[in-house]
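Number of protein chains: 2
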Amino acid sequence: MSGRNANGVTISDVAAAAGVSRQTVSNVLNAPGRVAPETAERVRQAIEKLGYRPNRAAQNLRERASRCIGLKIAAPIGVSNFLDRFLYALTSAAGAAGYHLLLFAPTAVDEELAVYEDLIRTGTVDGFVLADVSAKDRRLPWFAERRIPFVCFGRPWGQEDGPYTWVDVDGAYGIEQGVDHLAARGHRRIAYLGWPEGTGFGDERRKGWLRAMERHDLPADGLIGVCAEGVAVAAEAAGRLLTMPAPPTAFVCGSDTHAVGARLAGGLDTDGRPRVEVVGFDDSPAATLISPRMSSIRQPLDEVARRVVGLLKARVQGGDSPPEGVMLRPELVARE
Amino acid sequence: MSGRNANGVTISDVAAAAGVSRQTVSNVLNAPGRVAPETAERVRQAIEKLGYRPNRAAQNLRERASRCIGLKIAAPIGVSNFLDRFLYALTSAAGAAGYHLLLFAPTAVDEELAVYEDLIRTGTVDGFVLADVSAKDRRLPWFAERRIPFVCFGRPWGQEDGPYTWVDVDGAYGIEQGVDHLAARGHRRIAYLGWPEGTGFGDERRKGWLRAMERHDLPADGLIGVCAEGVAVAAEAAGRLLTMPAPPTAFVCGSDTHAVGARLAGGLDTDGRPRVEVVGFDDSPAATLISPRMSSIRQPLDEVARRVVGLLKARVQGGDSPPEGVMLRPELVARE
DNA sequence: GGTGGCAATTTGAACGATCAAATCGCCCCG
DNA sequence: CGGGGCGATTTGATCGTTCAAATTGCCACC
Numbered sequence: 019m020s021g022r023n024a025n026g027v028t029i030s031d032v033a034a035a036a037g038v039s040r041q042t043v044s045n046v047l048n049a050p051g052r053v054a055p056e057t058a059e060r061v062r063q064a065i066e067k068l069g070y071r072p073n074r075a076a077q078n079l080r081e082r083a084s085r086c087i088g089l090k091i092a093a094p095i096g097v098s099n100f101l102d103r104f105l106y107a108l109t110s111a112a113g114a115a116g117y118h119l120l121l122f123a124p125t126a127v128d129e130e131l132a133v134y135e136d137l138i139r140t141g142t143v144d145g146f147v148l149a150d151v152s153a154k155d156r157r158l159p160w161f162a163e164r165r166i167p168f169v170c171f172g173r174p175w176g177q178e179d180g181p182y183t184w185v186d187v188d189g190a191y192g193i194e195q196g197v198d199h200l201a202a203r204g205h206r207r208i209a210y211l212g213w214p215e216g217t218g219f220g221d222e223r224r225k226g227w228l229r230a231m232e233r234h235d236l237p238a239d240g241l242i243g244v245c246a247e248g249v250a251v252a253a254e255a256a257g258r259l260l261t262m263p264a265p266p267t268a269f270v271c272g273s274d275t276h277a278v279g280a281r282l283a284g285g286l287d288t289d290g291r292p293r294v295e296v297v298g299f300d301d302s303p304a305a306t307l308i309s310p311r312m313s314s315i316r317q318p319l320d321e322v323a324r325r326v327v328g329l330l331k332a333r334v335q336g337g338d339s340p341p342e343g344v345m346l347r348p349e350l351v352a353r354e
Numbered sequence: 019m020s021g022r023n024a025n026g027v028t029i030s031d032v033a034a035a036a037g038v039s040r041q042t043v044s045n046v047l048n049a050p051g052r053v054a055p056e057t058a059e060r061v062r063q064a065i066e067k068l069g070y071r072p073n074r075a076a077q078n079l080r081e082r083a084s085r086c087i088g089l090k091i092a093a094p095i096g097v098s099n100f101l102d103r104f105l106y107a108l109t110s111a112a113g114a115a116g117y118h119l120l121l122f123a124p125t126a127v128d129e130e131l132a133v134y135e136d137l138i139r140t141g142t143v144d145g146f147v148l149a150d151v152s153a154k155d156r157r158l159p160w161f162a163e164r165r166i167p168f169v170c171f172g173r174p175w176g177q178e179d180g181p182y183t184w185v186d187v188d189g190a191y192g193i194e195q196g197v198d199h200l201a202a203r204g205h206r207r208i209a210y211l212g213w214p215e216g217t218g219f220g221d222e223r224r225k226g227w228l229r230a231m232e233r234h235d236l237p238a239d240g241l242i243g244v245c246a247e248g249v250a251v252a253a254e255a256a257g258r259l260l261t262m263p264a265p266p267t268a269f270v271c272g273s274d275t276h277a278v279g280a281r282l283a284g285g286l287d288t289d290g291r292p293r294v295e296v297v298g299f300d301d302s303p304a305a306t307l308i309s310p311r312m313s314s315i316r317q318p319l320d321e322v323a324r325r326v327v328g329l330l331k332a333r334v335q336g337g338d339s340p341p342e343g344v345m346l347r348p349e350l351v352a353r354e
């Protein structure tokens, strides 16, 4: 009666082949301690011979879990392939933890919450990773209210010690590392080029610069440039700083895009070497390709992904683990 | 007895609330024609009131389908966020067709096929999209042998009319459009800068250039530059062409990376305008950011994704639709 | 020799949905 | 007035797995 379906072999087929009951086969796979060694061996051979693989839908139904993590992806707007790299790290980390990543793209903005709810209610996913948390993100309280498991990559700014679980990278620390590096190489006029005020991560990185400059007893006045993310505008902003009376000799930047702009604005000296030294942020392949010897601050994406998945798994399985914020340190990749 | 679970409401709860049987509720959702209007209305109200959503695992089990499409993602190496954009298009198209995209990352190279097989055998996915088909891809015959549904984005080079189903973009046509555009703007010495021989898509694009040059009766000798993908090497290769006796006045390029390199090598004239005109390939945001007024050839990613999903759906559901190759036309985005 | 205990294994039920077949109620027609 | 036909609805079985409880077999102990 069994084994008649397309994909094939069921647990009962294996049981019949090994001369045991379904449950014993299940035990061999899920609770090996309960089965006598020689029985287990016989079952394993039957499994091997028939090529049995447990049906996921049946497991999901029985266990009330999909072992899938939901991730919303939005229309790509940025320049870097940051999402690519995070996605890969997350997929790998999820796989190592026995999960899969399930992507979805909400069609209309209003639908967004409905789509999240649907995925949970239908049991399509067990929880979510939010990689695009904004300052007053309405999803966070909404999820918490419904006890929907989720973990943020990126701090919920203003509520770092609040009821949410997140993993993030200490941007201020990274920028300080950049300043230290440039100072060690003899620079005294180190400018900061990044986003205008208002983004959590941007403000933090700028503060890191200021802190490091004070620590090194270096002048900071007039050494701030801000602009939106974009090579052209960044080059323009950097150019303005460079034509001042006492121009900077080096830049630390909020993003690699800003950094490439600064690099272009600085131009080359008579030996064909870049005139200003620059430290970027993200160590993106695109920037490296354009400006191979530029230093940059690298986020530990693999570690981020592992922690995110670990925390989410705990919240999915455990029920109510307490909220937790994990801060990781980026690393300066010095190339000059 | 029912409705005791965490997520909640089952079809039986709805049935009880509406005073009908399970099956009638199921019919309201899946075969509305079979249900009397007033009954259907009553059931719909119960669904609404209880917030019922059918359990996906139960559906999957019964219907022997997961409504998930598997996609392998590899460690990102390239510079462009092409994958980002394709991923988004694919996720949207899948969603519109009632599917979800499920990502996975094989750990070891040897494991790759095993991972594919596992996902199918466990019923985790219904089929695959292959976005990285190489010339003698061993996965294709392997999948075909096992009747595993899949569709390629990118031609299986050398077997375009073979037993495989694919969707691709006509790169040669795109490059020809680029040459036409440059010729119409008065250029006569139009160089090609792209990958060295050996990649299917690269060779095709170069052939497109040659064909167009012949069509326009323009000289092609000595106007080919090849190099790996990378801004620096591309700039170098373009520079070599530009220092020849009769240098090109314009470039069509195999990729945006090559194009940015050519643009840099060309430099600016005394008015601050680019000295050579360049047409890139992919219309990537990164390139636009670096070189805002550069033209490029845009692949119709949304259309590609829709077709891929449509073909895969047919092959998953229909069983044995005949193999089919779909060729789409890219479009020149002229900016200069 | 009966019994308690324990390890190994089996049986029955459940997860939540859908398909196929059976049933119900109703009207029409001979 | 009985039966055929038909639309609407219900019942029973099933998908493949795992949990909980029941059963079996075996040994030791009193």
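The listed protein sequences correspond, in order, to chains A and B. For the first sequence, my numbering gives the first residue as 19, with consecutive numbering after it. For the second sequence, my numbering gives the first residue as 19, with consecutive numbering after it. Think of the CB as a built atom: it goes at the ideal place given N, C-alpha and C, for glycine as much as any other residue.
Taking its Cβ as the centre, do 16 or more other Cβ atoms sit within 10 Å of residue i, making it buried, or is it exposed?
i                 : result
Gln317 of chain B : buried
Lys331 of chain B : buried
Glu59 of chain B  : exposed
Val296 of chain A : buried
Gln195 of chain A : buried
Thr275 of chain B : buried
Ala49 of chain A  : exposed
Ala24 of chain A  : Caution applies to Ala24 of chain A, whose pLDDT of 47 falls short of 50 and renders its modelled position unreliable; the value that the coordinates give is listed next. Exposed, since its Cβ has fewer than 16 Cβ neighbours within 10 Å.
Arg103 of chain A : buried
Met345 of chain A : exposed
Cβ of residue i within 7 Å of Cβ of residue j?
i                 : j                 : result
Gly298 of chain B : Ala277 of chain B : yes
Val143 of chain A : Val326 of chain A : no
Leu148 of chain B : Leu119 of chain B : no
Gly226 of chain A : Ile193 of chain A : yes
Arg207 of chain A : Gly272 of chain A : no
Pro292 of chain A : Gly284 of chain A : yes
Gly328 of chain A : Ala123 of chain B : no
Asn99 of chain A  : Asn99 of chain B  : yes
Pro263 of chain B : Leu241 of chain B : no
Ser313 of chain A : Ala352 of chain A : yes
Tyr106 of chain B : Ile91 of chain A  : yes
Quick check on the DSSP output: the beta strand (DSSP E) that includes residue i runs from which residue to which?
i                 : result
Ala162 of chain B : Where Ala162 of chain B is concerned, there is no enclosing beta strand (DSSP E), although the alpha helix (DSSP H) it sits in stretches over 157–163.
Lys90 of chain A  : 86–90
Shorter than 7 Å from the beta carbon of residue i to some beta carbon of chain A?
i                 : result
Arg325 of chain B : no
Ile193 of chain B : no
Thr217 of chain B : no
His118 of chain B : yes
Ile91 of chain B  : yes
Val249 of chain B : yes
Arg110 of chain B : Residue identity check: residue 110 of chain B is Ser in the sequence provided, not Arg. Chain A contact via Cβ: present.
Pro94 of chain B  : yes
Examine chain B for any beta-carbon lying closer than 7 Å to the beta-carbon of residue i, and answer yes or no.
i                 : result
Val169 of chain A : no
Ala35 of chain A  : no
Ser44 of chain A  : no
Asp102 of chain A : yes
Gly113 of chain A : yes
Ala283 of chain A : no
Asn73 of chain A  : yes
Asn78 of chain A  : yes
Leu131 of chain A : no
Leu260 of chain A : no
Ile29 of chain A  : no
Tyr106 of chain A : yes
Leu211 of chain A : no
Terminal residues of the continuous alpha helix (DSSP H) containing residue i?
i                 : result
Trp227 of chain A : 218–233
Tyr106 of chain A : 100–114
Tyr1 of chain B   : Past the boundaries of the shown model lies residue 1 of chain B; chain B is included only from 19 to 354, so the question cannot be answered.
Glu135 of chain A : 129–139
Val351 of chain A : Premise fails: Val351 of chain A lies in the beta strand (DSSP E), 349–351, not in any alpha helix (DSSP H).
Ala268 of chain B : Looking at the DSSP string, Ala268 of chain B is not in any alpha helix (DSSP H); the run it does join, the beta strand (DSSP E), is 268–271.
Against chain B: residues of the region 136–167 of chain A by CB proximity under 8 Å: Asp136, Ile138, Arg139, Thr140, Gly141, Thr142
Contacting positions in the region 303–335 of chain A - beta carbon closer than 8 Å to chain B: Pro303, Ala304, Leu307, Ile308, Pro310
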